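Working notes for the structure below.
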Amino acid sequence: MKEFVKAQGLPAYRAKQMLHWIYEKKAASIDQITELSKEAREKLSDSDYISNLELLSRQTSKDGTEKFLFGLEDRESIESVLIPDKDRLTLCISSQVGCAMGCSFCLTGKIGFKRNLKAHEIVDQIIAVMRIKGHGSFILRSATENGRGMGQRITNIVFMGMGEPLLNLDEVIEALKRITGLMGISKKRITLSTCGIAPEIPELYKKAPHVNLAISLNAADNKTRDIIMPINKKYPLETLLASCRKIPFSPRIRITFEYVMLDGVNDKPSDAQNLVRILRGIPSKVNLIPFNPYEGSKLKRPSDEKVFAFQKILTNAGMNAFIRKSKGQDILAACGQLKAGYGAKFK
Ligand code: SAH
Ligand code: SF4
Numbered sequence: 116m117k118e119f120v121k122a123q124g125l126p127a128y129r130a131k132q133m134l135h136w137i138y139e140k141k142a143a144s145i146d147q148i149t150e151l152s153k154e155a156r157e158k159l160s161d162s163d164y165i166s167n168l169e170l171l172s173r174q175t176s177k178d179g180t181e182k183f184l185f186g187l188e189d190r191e192s193i194e195s196v197l198i199p200d201k202d203r204l205t206l207c208i209s210s211q212v213g214c215a216m217g218c219s220f221c222l223t224g225k226i227g228f229k230r231n232l233k234a235h236e237i238v239d240q241i242i243a244v245m246r247i248k249g250h251g252s253f254i255l256r257s258a259t260e261n262g263r264g265m266g267q268r269i270t271n272i273v274f275m276g277m278g279e280p281l282l283n284l285d286e287v288i289e290a291l292k293r294i295t296g297l298m299g300i301s302k303k304r305i306t307l308s309t310c311g312i313a314p315e316i317p318e319l320y321k322k323a324p325h326v327n328l329a330i331s332l333n334a335a336d337n338k339t340r341d342i343i344m345p346i347n348k349k350y351p352l353e354t355l356l357a358s359c360r361k362i363p364f365s366p367r368i369r370i371t372f373e374y375v376m377l378d379g380v381n382d383k384p385s386d387a388q389n390l391v392r393i394l395r396g397i398p399s400k401v402n403l404i405p406f407n408p409y410e411g412s413k414l415k416r417p418s419d420e421k422v423f424a425f426q427k428i429l430t431n432a433g434m435n436a437f438i439r440k441s442k443g444q445d446i447l448a449a450c451g452q453l454k455a456g457y458g459a460k461f462k
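The C-terminal position of the sequence shown is numbered 462 in this note's numbering, with every residue numbered one higher than the one before it.
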């Protein structure tokens with residue numbers, strides 16, 4: 116921004132102002148930056164603009180979860196999901212258009228990989244949702260759809276939408292810098308989820324040490340994981356868990372392991388026992404996510420009894436294990452159901 120401001124012939128102090136107007140006040144156009152003179156705004160607008168995502172559609176689930184479909188400048192599209200909970204409002208954002216990882220249970224994986232998102236496209240999801248919901252400055256309030264004013268603010272950000280964030284690490288790190296440094300969202304309230312790109316895990320910790328990490332484990336032995344998550348052939352469980360063990364754990368850090376429960380695939384008592392064994396010694400908690408079905412998928416969600424029995428084996432072994440009933444299933448906004456309008460063929 117300093118370079119930009121200099122190149123535009125504006126005084127250096129304008130750089131900070133511009134960032135403040137873009138990231139805190141959420142100005143949607145240069146013209147809204149009224150701290151600049153009209154002439155300066157006109158001159159800047161001749162050559163530059165503030166990027167905006169285009170809201171293509173918005174759906175609300177009966178449980179209050181909202182899904183936003185955003186159009187990008189090259190006509191690709193992505194989804195973001197806003198999930199209300201008692202004392203939290205979590206925004207789930209995408210890091211790529213589609214995903215190359217092809218996990219058998221995930222609808223995003225069926226799209227295939229289209230492209231990485233740029234840092235601004237990652238951050239713009241947060242800004243766009245804040246604008247739509249009217250959170251923030253006076254610009255936002257006046258631009259709110261119905262003038263209802265400010266609602267509950269976003270408290271948490273999760274990189275659990277479309278894409279594999281560790282395969283777009285540079286842009287994700289840059290986005291994290293802007294989210295924490297310029298938008299004032301605490302790193303402690305940000306969670307990044309990965310399917311297990313083992314060598315990038317230490318990189319992430321080097322560059323963004325306080326971000327929470329979630330690993331989509333989904334199986335406790337290589338044979339099962341190879342089948343449902345092809346990335347396991349490249350980074351098998353031993354490699355993945357070895358890089359988790361290398362994380363410089365402080366008392367606050369623990370890894371969340373996500374475990375999508377698939378009927379007859381990974382939900383046996385022996386799977387739970389294996390899970391206890393392979394996670395031993397890693398400060399962690401386990402989130403069990405019963406499979407969210409979608410049309411065309413042959414996979415099934417296990418019965419509640421099976422899920423409870425699985426959880427009990429983990430808790431009896433002293434682990435923290437929670438069952439996460441995904442929200443927004445009726446609008447395909449739950450974990451692994453994002454497809455951003457892309458047609459998908461199923462196996
Ligand atoms: N690519 C990253 C970030 C996406 S997070 C990752 O895989 O971690 C998406 C989460 O939803 C993952 O934990 C994944 O295991 C889970 N998931 C995918 N499809 C699902 C489905 N159909 N039902 C329940 N959870 C699913
Ligand atoms: Fe990609 Fe994650 Fe879905 Fe696997 S679960 S296909 S890594 S988005």
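C-beta: ideal position from N, C-alpha, C; glycine also.
What you are looking at is a predicted structure, and each value in this text was computed from that prediction instead of being measured.
| query | result |
| --- | --- |
| Asn-167 versus Thr-180 - alpha carbon distance | 23 Å |
| Ligand 2 heavy atom lying under 7 Å from the CB of Ser-195 | no |
| First and last residue of the uninterrupted beta strand (DSSP E) at Ser-399 | 399 to 405 |
| Ser-308 and Phe-274 closer than 8 Å at C-beta | yes |
| Sequence-distant residues of the same chain with beta carbon closer than 7 Å to Leu-352, five excluded per side | Asn-337, Arg-340 and Ile-393 |
| Contact test: Ser-412 Cβ vs ligand 2 heavy atom, cutoff 7 Å | no |
| Leu-80 and Ile-370 closer than 8 Å at C-beta | Nothing about residue 80 can be reported from this structure: the residues present for the chain run from 116 to 462 only. |
| Beta-ladder partner(s) of Ile-330, from DSSP | Thr-309 and Phe-372 |
| Shell residues, 5 Å Cβ cut-off relative to heavy atoms of ligand 2 | Cys-214, Met-216, Cys-218, Cys-221, Thr-223, Gly-224, Glu-279 and Cys-310 |
| Residue closest to Ile-362, alpha-carbon to alpha-carbon, out of Ile-343, Ile-294, Val-326 and Lys-225 | Val-326 |
| Three CB pairs or more closer than 8 Å across the stretch 405 to 418 and the stretch 232 to 249 | no |
| Through-space distance from Leu-151 to Ile-312, alpha-carbon basis | 45 Å |
| Nearest-angstrom Cβ-Cβ length linking Leu-332 and Tyr-374, presumed shorter than 8 Å | 6 Å |
| At least three beta-carbon pairs within less than 8 Å, the stretch 220 to 233 to the stretch 441 to 454 | yes |
| Endpoints, the beta strand (DSSP E) within which Lys-442 is located | Counting along the chain, Lys-442 falls outside any beta strand (DSSP E), and DSSP gives it neither H nor E. |
| Local conformation of Ala-99 per DSSP, three classes | Outside the displayed span of the chain (116 to 462) sits residue 99, for which this structure offers no information. |
| For Asp-200, the residue or residues it bridges with in DSSP | Arg-203 |
| Inter-residue CB distance, Phe-185 and Ser-176 (contact presumed, cutoff 8 Å) | Not quite, the Cβ-Cβ distance comes to about 18 Å (not below 8 Å), so this is no contact. |
| Counted within 10 angstroms of its Cβ, other Cβ atoms place Arg-129 as buried (16 or more) or exposed | buried |
| Three-state class that DSSP yields for Asn-261 in the structure shown | Confidence in Asn-261 is poor, its pLDDT being 41 and thus under 50, which makes the residue's placement unreliable; the coordinate value appears in the next sentence. Of the three classes helix, strand and coil, the one that applies to Asn-261 here is coil, per DSSP. |
| Selected residue, minimal CA-CA separation from Pro-384, among Ser-412, Lys-131 and Lys-427 | Lys-427 |
| Test item: CB-CB of Glu-279 and Gln-211 under 8 Å | yes |
| Whole-angstrom distance between Leu-282 and Phe-228, CA atom to CA atom | 11 Å |
| C-alpha distance - Glu-188 paired with Ser-172, whole-angstrom precision | 16 Å |
| Identified DSSP bridge partners for Ser-192 | Gly-186 |
| Nearest candidate by alpha-carbon position, reference Met-277, set Leu-390, Met-245 and Asn-231 | Asn-231 |
| Sequence-distant residues of its chain with Cβ nearer than 7 Å to Leu-297 (five each side left out) | Leu-134 and Tyr-138 |
| Proximity test, Phe-406 beta-carbon vs ligand 1 heavy atom, cut-off 7 Å | yes |
| Coil, strand or helix - Arg-230 by DSSP | strand |
| Between the CA atoms of Ile-294 and Leu-125 - distance to the nearest angstrom | 26 Å |
| Cβ-heavy atom distance, Glu-150 to ligand 1, below 7 Å | no |
| Host beta strand (DSSP E) of Leu-171 (start-end) | 169 to 175 |
| Same chain, Cβ closer than 7 Å to Gln-132, five either side skipped, listed in chain order | Glu-150 |
| Asn-231 CB to nearest heavy atom of ligand 3 below 7 Å | Ligand 3 is absent from the structure shown, which contains only ligand 1 and ligand 2. |
| Ser-358 beta carbon near ligand 1 (any heavy atom closer than 7 Å) | no |
| Residue range of the unbroken alpha helix (DSSP H) whose run includes Asn-271 | Not the alpha helix (DSSP H): Asn-271 falls in the beta strand (DSSP E), residues 271 to 274. |
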